[in-house]
Amino acid sequence: MRLKSLALSAFLVVLAAPAVRAEYIVLRSGQRIAVTGYQLLDNYSYRLQMKGGTVDVPVEQVLSIEPEELFTPAPKVEVSQEPFGDLIRAAAKRYSVDADLITSVIAAESNFDPKAISRRNARGLMQLLPTTAAHLGVKNVFDPQENIDAGTHYLSELLFLYKNDIALTLAAYNAGPERVQRFGQRVPPFAETISYVRRVKQTYNQRKSAIPTEKSKLLGTPIPASPKTAPSAASF
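Numbering-wise, the numbering used here puts 250 at position 128 of the sequence shown, and it's gapless, one number per residue.
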């Protein structure tokens, strides 16, 4: 049974509950729906399976079907035990990108697994797509040094493009600059992207508010008598 446009929108809001393993149906309205399965009925409509039942959607209302990117919470890592710390700091210095931002992105993207591969074929610590890796001259995407260097290079380009706006930079890293532009230079209204930006910023802010002595021990630098509060992501 087909649903009218208004009825469809209301019905999908009720049924669009996220699944453990799912795909996204992206509608032309910009709505993003998590489904556990779908079926093309008659070249005119899709039957979407989701928690709570099914619903039929006209084909012309479906913009794309994309795999859901699943992110697992990253464990809290002490700075002195930080994986790939030397590589992160070297890339941060080379491209003038905050090392804490790089680390926060890696935590969300791969949870520090250099061999990670997503269902979208993004690879390595900073989850580089093959096209992005090739553009940045990466020869071995699973090599931590190459991956971090290229991912940081890409982050630096996005930070320059969005005038150091952390939210837009992260949104573009996750969904692509073209989608940020499509939605008027704003974070695209996709559940995955919104969650990604929120999680990376939360990790970043937590790192910026970490006890200064911990970083000082690692870097071998004296602790200032009156340390200034590091800027949060929101202040960029």
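The beta carbon of each residue, even a glycine, is placed where N, CA and C say it ideally should be.
Nearest CA to the CA of ILE270: which residue from ARG150, ALA332, SER226, THR325? As a first step, residue 270 must be located in the sequence shown, where it is residue number 148. Closest by alpha carbon: SER226.
For ARG154, which residues does DSSP report across the bridge? Taking the sequence shown and counting its residues from 1, the one referred to as residue 154 is at position 32. For ARG154, which the question treats as bridged, DSSP gives the partners VAL148.
If you draw a straight line from the alpha carbon of SER167 to that of THR158, how long is it in whole angstroms? Within the sequence shown, the letter at position 45 stands for residue 167. Within the sequence shown, the letter at position 36 stands for residue 158. Roughly 17 Å separates the two Cα atoms.
According to DSSP, simplified to helix, strand and coil, what is VAL309? Translated into the one-based positions of the sequence shown, residue 309 becomes position 187. VAL309 falls in the coil class under three-state DSSP.
Using beta-carbon positions only, say whether LEU251 and ALA238 come within less than 9 Å of one another. Here residue 251 is taken as the residue at index 129 of the sequence shown, counted from 1. Here residue 238 is taken as the residue at index 116 of the sequence shown, counted from 1. No, these two residues do not count as a Cβ contact at 9 Å.
Identify whether PRO266 lies in helix, strand or coil by the three-state DSSP scheme. Taking the first residue of the sequence shown as 1, we reach residue 266 at position 144. Note: PRO266 maps to helix in three-state DSSP.
Does the beta-carbon distance from LEU258 to TYR276 come in below 9 Å? The residue labelled residue 258 in the question sits at position 136 within the sequence shown. The residue labelled residue 276 in the question sits at position 154 within the sequence shown. Against a cut-off of 9 Å, the Cβ pair of TYR276 and LEU258 comes out as a contact.
Contacts around PRO266, its chain only, beta-carbon distance under 7 Å, and the 5 residues preceding and following it disregarded: Taking the first residue of the sequence shown as position 1, residue 266 is located at position 144. Around PRO266: PHE206, LEU209, PRO236, LEU247.
Boundaries (first-last residue) of the alpha helix (DSSP H) holding GLN303: In the sequence shown, the residue the question calls residue 303 occupies position 181. Here the alpha helix (DSSP H) through GLN303 covers 299 to 304.
Only counting the same chain, and skipping five residues up and downstream in sequence, which positions put a Cβ closer than 8 Å to that of SER434? Not covered by the structure: residue 434. The range shown for the chain is 123 to 358.
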